[in-house]
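Which chain is which? The protein sequence lines are A, B, C and D, in order. Sequential numbering from 1106 applies to the first sequence in the numbering used here. Sequential numbering from 1106 applies to the second sequence in the numbering used here. Sequential numbering from 1106 applies to the third sequence in the numbering used here. Sequential numbering from 1106 applies to the fourth sequence in the numbering used here. Here a beta-carbon is modelled for each residue, glycine too, at the ideal position from N, C-alpha and C. A quick note: this is a predicted structure, and the numbers were derived from the prediction, not measured.
Protein chains: 4
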Amino acid sequence: MNYQQILVEAAEVARATAGQGRVADYIPALAQVPAEAFGMALATADGELCGVGDWEQPFSIQSISKLFTLVLAIAHGGDALWKGVGREPSGNPFNSLIQLETEHGIPRNPFINAGAIVVTDRLLRLTGDAAGAVRDFLRGESENPSLGTDPEVAASEAAHGHRNAALAHFIASHGNLLGDVDTVLGHYYQHCAITASCRDLALAGLFLARQGSRADGSRLLHRSQAKRVNAIMLTCGTYDAAGEFAYRVGLPGKSGVGGGILAVLPGRATLCAWGPRLDAAGNSVAAMAALDHFTTATGLSIF
Amino acid sequence: MNYQQILVEAAEVARATAGQGRVADYIPALAQVPAEAFGMALATADGELCGVGDWEQPFSIQSISKLFTLVLAIAHGGDALWKGVGREPSGNPFNSLIQLETEHGIPRNPFINAGAIVVTDRLLRLTGDAAGAVRDFLRGESENPSLGTDPEVAASEAAHGHRNAALAHFIASHGNLLGDVDTVLGHYYQHCAITASCRDLALAGLFLARQGSRADGSRLLHRSQAKRVNAIMLTCGTYDAAGEFAYRVGLPGKSGVGGGILAVLPGRATLCAWGPRLDAAGNSVAAMAALDHFTTATGLSIF
Amino acid sequence: MNYQQILVEAAEVARATAGQGRVADYIPALAQVPAEAFGMALATADGELCGVGDWEQPFSIQSISKLFTLVLAIAHGGDALWKGVGREPSGNPFNSLIQLETEHGIPRNPFINAGAIVVTDRLLRLTGDAAGAVRDFLRGESENPSLGTDPEVAASEAAHGHRNAALAHFIASHGNLLGDVDTVLGHYYQHCAITASCRDLALAGLFLARQGSRADGSRLLHRSQAKRVNAIMLTCGTYDAAGEFAYRVGLPGKSGVGGGILAVLPGRATLCAWGPRLDAAGNSVAAMAALDHFTTATGLSIF
Amino acid sequence: MNYQQILVEAAEVARATAGQGRVADYIPALAQVPAEAFGMALATADGELCGVGDWEQPFSIQSISKLFTLVLAIAHGGDALWKGVGREPSGNPFNSLIQLETEHGIPRNPFINAGAIVVTDRLLRLTGDAAGAVRDFLRGESENPSLGTDPEVAASEAAHGHRNAALAHFIASHGNLLGDVDTVLGHYYQHCAITASCRDLALAGLFLARQGSRADGSRLLHRSQAKRVNAIMLTCGTYDAAGEFAYRVGLPGKSGVGGGILAVLPGRATLCAWGPRLDAAGNSVAAMAALDHFTTATGLSIF
C-alpha cells in the first residue's frame, strides 16, 4: 500500500476543514499556535516512516501524555494501578467532578483528567520522577534527544490549574492519592507540557502496534497488556466523543487539546495527526478528518 | 485453527464459574431457566459452524434483539436514525432516565433501553411490524423457521414494564417518538422476548463479520455501515461494562439479561455464548469467561 | 390595619410588571387566558374578606390543588403518607425525574409533580374519588357551589401528559403507587384543572391560618398538622424558587402555573394573588410582586 | 411564660436521646468532646437570659459561624454578595460539588460549605480579616472577651481539608473567588474553629430576633435584611434536612457539626441547644429533640 500517497490525500481532506473549530485558549501559551497548521505521520511495525505537512513540527502533546503515563505506570507497577482508577467510559466531559463525587474518588478511566492525576501519582511513587519518565521514554523511542517540556506551557497550566487542583484535592479527600497534591500536580503539568512532533509520537507509540515491543526489541508491555491499553484507548481515549471516534475512525486513539491525535493499527502501524482547531468535544477537527479519510480509503480499521 | 477444541476448553473455563452471579429475576418467566446451563457456538465467514454444550438450546435473547433492531433500522432507513439517538457510551446503568432528562430526550446510544425504544419506533414506522421484522430476519439467517417470540415472556415484560413505560413517555414528552407509546412498547417487548439458540444467533450475526453481506450473498449493510455497527457494539454493547468487556475480551459484543452474548471477529467469525447467571452489570458471568478464554487462547481480538 | 388600601397599592405594584414573564403555554387551554389579568384577595381568621381587581374571576388553579390534596390526604389518612413521599426541597425543577431515580421512587416532597402524584394516589385509596374530594372541599369552604373542573383543561393536560405519565410509571416501577397508573393520572389532571377565584382560594385556605379549623368551626387538621403543612409550603411550595419566595415574601405559599399563589399569615389571614405571566421558575410575576409589597408594607411576615 | 421550666423539660427530652447518633469524627479534635454533654440557652429580645445543663460550656461552633460570616458580609457590603452565591436550598449534602459543576461555580446558598467559602472570601475583601471580624462580633454581643478560635481544631480542619480545598479551587476556576485560595481557606478554618457556649451564641444571635438591632441598640442590619437572613436560615440552615427542621421545629435555625443549633423566634427570642451526637444529615440529635419539645410545648413557632 502506498501510504505516502494516502497521507497526501488525507492532508487535503484535513485542510478542507480550515476555519472549523477553535484553538484551545484556556491557557494563553496554547492560543499562540498557528491555527491552520497540519501534519500527519505514519510509522509501521516493520520500520517504514513517512509524513506530510508539518509532521516534524513540535506541538504541545497535552493529554496524549496520559497514554504514556498509563503505559509506564503499568510497565513499572502492573495491575495494582486498577485499584485506584477504572476502565469505563465516563459519559461526561473530560474534567468532570460529578462522577468522582458519586464514585468515591475513583476516576472512571486513566484518560480523563482525574484518572490521569491518579496515574501520575502512582508513576511518581514508582519512579520518583513521573514527568521525567515520560520525557525519557519519548526521547528514546523517537530518537529525538531534544524533545522536552515547554516551561512556559507548564507554568501557564499551573497558573490556570484551579480545576485540576480541585480534582486532585477531591481525590485526596477520598484517600486515593499517595503523594502530595502540589507535587503530583507539578508532574502532571510537566508531562502535559511536553512538545513533540507527529513523527516523534508515531514512533513513540509504535510498541502498541507491536504487541508491547519497543524499538530496540525489548518488551515494554506483555502482549495482553498492550492489547488492553489499545482497548482503553478505543473506549476512553477521545474524551466524551469516544463513541463517535470509534464510529468514524475505527481505531484506538488518544487526543490532546494541543490538537494532536495518536492512533494505532494493531499489528501494523501507528498514525499521528495534528491540527490545532478543536471541535466541541476537544478533539482536533483536522486530525479527525484526516484519520477518517485514512481508514475509509484504506479499509484498514479494527472493525 | 481447531475452533472446536478451543470451544471445549472455553466451556470448561465457563463451567468453573458455576454459582457466581445471579439469574435475572425481574420477570418471573426469566427466573425459571436452569442456572448452570451453558452453550457456545462459532460460525465463520467461510461457512464453518461448531458448538459446545447447550449451543442448540433456545433462550430469551432479550437485549441482543437491540442489535438486530438497530441493523434493520439502518438497512431500511439509513442515517436518519441518528437524529433521534446518539452513539456514545452512557456511563450509567442501562435503564437510566438521568441522561434523558439532561439531554432532551435523545438517548445516548441504541443499546440502552431508551435508545432501543427509539430504534424500535423508527423500525415500526419503516416496516409496519418491528418485532416481525426482527423475527423474520433471525429466522432467515439461521434457517430456523421455528424461532419465535415466547408469549409468556413478552406478557411478563409488559406486566413489569413500568420503567420502560416511563422511558417511552419521557422520550415522547420530548417529541422523539413517532408512534403511539403503547404500540411501540408492545413491539419492544415482542422482540426482546424472542427465543433463539447460540447457533441461531451466531449465524444471524455473521453479516457483521462479512462486512454487511448476508448468508445468501445479498448485501444488508454497506461495508462502512457494518464496521460502524461493530464500533457501536464495542463502545456501548455491554451496558455500563463496555470498557471492561473491551479490556478483557477485546471484541465487539452485545449481551442480554437472558445470559447470551453475541461477539464479532470482523472479517472472520461470530461467537455466541450463553449462561444465565449475570454479574452486577447484567452480563453473563460464564459467557464473559468463555469469550475471554477464546480471545486469550487464540490471540484473536481486534486489538 | 386597612387591608383594602394595601391591596389597592399591591395591585398597582403588580400591574407595573405588565409584560414581564410568559403565560404558560405547554397546554393550549392555559395559553388563552388574558395575560394582564390581575386579582388579589385577603381573608382574615376573624371573618374579614376583601379583594381588588379580578379577584372574583375563576382561573385554573393547577398546582395549588396539590396543597389541598396534601391536606385532605393527611386529614383522612394521617402520617402514613410520609412513607411514600419526603418533606425536603428538591433543588431541581418541578417535574424532574433525576431525584426519583437516585432516591428509589420516593419523591422529595408533596408539591413537586412526582410527589403530588403519590399524594393523589393515596387520597384516591382513602376516599375513592381524589379529584371529587378536592372539589367538594373547595366548594364547601368557599361557599361557591359552581366551582368545578374545566373539562377542556383536564383533557388538554392528559393529551400533553407524557412527562407526568413517565413520572407515574417510574414511581410505579418502584412499587410506590397503590392504584392503576392511568386512573391516578386521571384524578391528578382533574384536580389540577379545577377553576377557582382568588376569593375562593383565600377562603378555602383559611383553615391554615386558623390552626386547622374549618369555616364551620370543625377541625380539619390538628394544630401541629396545620403548622407542619405551612412549614412544607414555605420550604417547597414554589417549585425551585422556594428560597427566593421565603426571602422576598416571607410567607408559606403555594403557586400554580395558572398564575395563582395562595399564601398564609399563620394565626391571622390568607392571601391569594393571581396574574398569568410566569417567571423562569414558573411562579406568577405579578402575584410575587403583589405579595412582596404586602409583606413589606405591613411588616407582616413570619420572619 | 416560664421559660426556665420549659428548658428543664426540653433537657430531659434531649437526654432521653442518649446513645443516638454519632459524634463527628472527620477531624480528631472534634471526636474528643464528651458525647453525652447537653446544654440549652434562651435569650429574649427584652433582656431575659436563662439556660440548663452545659449551657455555659464552650464547644466548636463549626458551621454556625456561617451565619455570622453571612450577616457581617451583608452588613459591610450589602446585596453585592448575591452575585456570587444563591439563596436556594441545595437538595444535596452540605459539601457537594455536583451543583457547583452544573451551576458555573455559583454555590446554591451561603450555608453549604461552597457558599460559605465565597462569603468568607467577600468578608475578607471587605474587612481584611474575616475570621477576626466574626470572632470580634461574637465577643462583643456575648460580652465574653475570652471567646476565640481553638488553634488545634483549626489546624486539624486544614490538615483534613482536601474537600474544602477542592470546592475552593473549583469556585476559583469559575472566577468566583476574589482572594487567594489558601488565604480564604485559612480564614474559613479559623472561623469554623471558634469555640463558644450556648449562652454566647444565644446572645450573639439576638439581633435576628430584634429586627437587626444589636445589644447596644445600634443597627447591624436593616429590618428587611434581618427578616431575609431568617428566611435563608429556615430554607437552608440545616444542611439537606431544612425541610425536616422546618416541619418538626418550625423556626429559622443554623446547625454545626460541633453539635450546636442556634434558632430564632422572630420578634421574641433566640435559642441555642448543644449535644455532640449527630444524625445522618449532620444535625445534633439532642438539640433537635430539645428544640422540637420547646416549640411543641410553648406553641411558639413561625407557622
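Query: Contacts of A/Ile1203 in chain D (Cβ-Cβ under 9 Å); Result: Leu1202, Ile1203, Glu1206, Thr1207
Query: Residue-level contact to chain C via CB, B/Gly1190, 9 Å cutoff; Result: The residue asked about is misnamed: residue 1190 of chain B is Val in this sequence, not Gly. Not one chain C Cβ lies under 9 Å of B/Val1190.
Query: Beta-carbon separation (whole angstroms), B/Asn1249 vs A/Phe1408, contact threshold 8 Å; Result: Not really, about 27 Å apart at Cβ, beyond 8 Å.
Query: Cutoff 9 Å: A/Val1223 Cβ touching any chain D Cβ; Result: no
Query: Member of C/Ala1221, C/Asn1107, C/Val1190 whose CA lies at the smallest distance from the CA of C/Arg1213; Result: C/Val1190
Query: Residues that DSSP places opposite D/Val1157 in a beta bridge; Result: D/Met1145
Query: As assigned by DSSP and simplified to three states, the class of B/Thr1343; Result: coil
Query: Against chain B: residues of the stretch 1272 to 1299 of chain C by CB proximity under 7 Å; Result: His1274, Phe1275, Ala1277, Ser1278
Query: CA-to-CA distance, D/Leu1205 to A/Ala1121, given in whole angstroms; Result: 39 Å
Query: Classification of A/Ser1278 by the beta-carbon crowding that lies within 10 angstroms, buried from 16 upward; Result: buried
Query: Proximal residues of chain B, C-beta to C-beta of C/Arg1268 below 8 Å; Result: His1274, Phe1275, Ser1278
Query: Rounded distance between the beta-carbons of B/Val1369 and B/Leu1290, thought under 8 Å; Result: Not really, about 29 Å apart at Cβ, beyond 8 Å.
Query: Same chain, Cβ closer than 6 Å to A/Ala1219, neighbours up to 5 away in sequence not counted; Result: Leu1205, Pro1212, Leu1272
Query: First and last residue of the uninterrupted beta strand (DSSP E) at D/Ala1368; Result: 1365 to 1370
Query: Chain C residues whose Cβ lies nearer than 9 Å to that of D/Arg1333; Result: Ala1351, Tyr1352, Arg1353, Gly1355, Phe1408
Query: Ordered list of alpha helix (DSSP H) runs contained in the stretch 1161 to 1210 of chain B, each at least 4 residues; Result: 1169 to 1182, 1203 to 1207
Query: Pair within 9 Å by beta-carbon distance, C/Phe1339 and C/Gly1310; Result: The sequence shown places Leu at residue 1339 of chain C, rather than the Phe named in the question. In this structure, C/Gly1310 does not lie closer than 9 Å to C/Leu1339 by Cβ.
Query: Min CB distance D/Gly1196 to chain C below 9 Å; Result: yes
Query: Secondary structure of D/Ala1123, DSSP reduced to three states; Result: coil
Query: Below-9 Å beta-carbon distance, C/Ala1346 vs any chain D residue; Result: yes
Query: Any 3 or more C-beta pairs closer than 8 Å across the stretch 1251 to 1268 of chain D and the stretch 1258 to 1265 of chain A; Result: no
Query: Contact set for A/Leu1231: own chain, Cβ-Cβ below 6 Å, skip 5 residues either direction; Result: His1181, Gly1182
Query: Three-way DSSP call (helix, strand, coil) for A/Val1128 in this model; Result: strand
Query: Secondary structure of A/Ile1299, DSSP reduced to three states; Result: strand
Query: 6 Å Cβ shell around B/Tyr1108 - same chain, five flanking residues per side excluded; Result: Leu1147, Cys1155
Query: Length-filtered (4 minimum) alpha helix (DSSP H) runs lying within the stretch 1306 to 1344 of chain D; Result: 1328 to 1341
Query: is_contact[C/Glu1114, chain D] using C-beta, thresh 9 Å; Result: no
Query: Residues that A/Ala1376 bridges to, as DSSP identifies them; Result: Rather than Ala, the amino acid found at residue 1376 of chain A in this sequence is Leu. Paired residue(s): A/Leu1147, A/Ala1368.
Query: Distance between A/Ala1238 and A/Ser1251 (C-alpha atoms, nearest Å); Result: 15 Å
Query: Under 8 Å (Cβ pairs) to chain A, residues found in the stretch 1384 to 1401 of chain B; Result: Thr1401
Query: Rounded separation between B/Ala1129 and B/Ala1391 - CA only; Result: 14 Å
Query: Reduced DSSP category for A/Gly1152 - H, G, I as helix; E, B as strand; rest coil; Result: coil
Query: Residues near A/Ser1168 by beta carbon distance below 6 Å, same chain, minus five either side; Result: Gly1361
Query: Listed by chain order, chain A residues near B/Pro1371 by CB distance under 9 Å; Result: Ser1406, Ile1407, Phe1408
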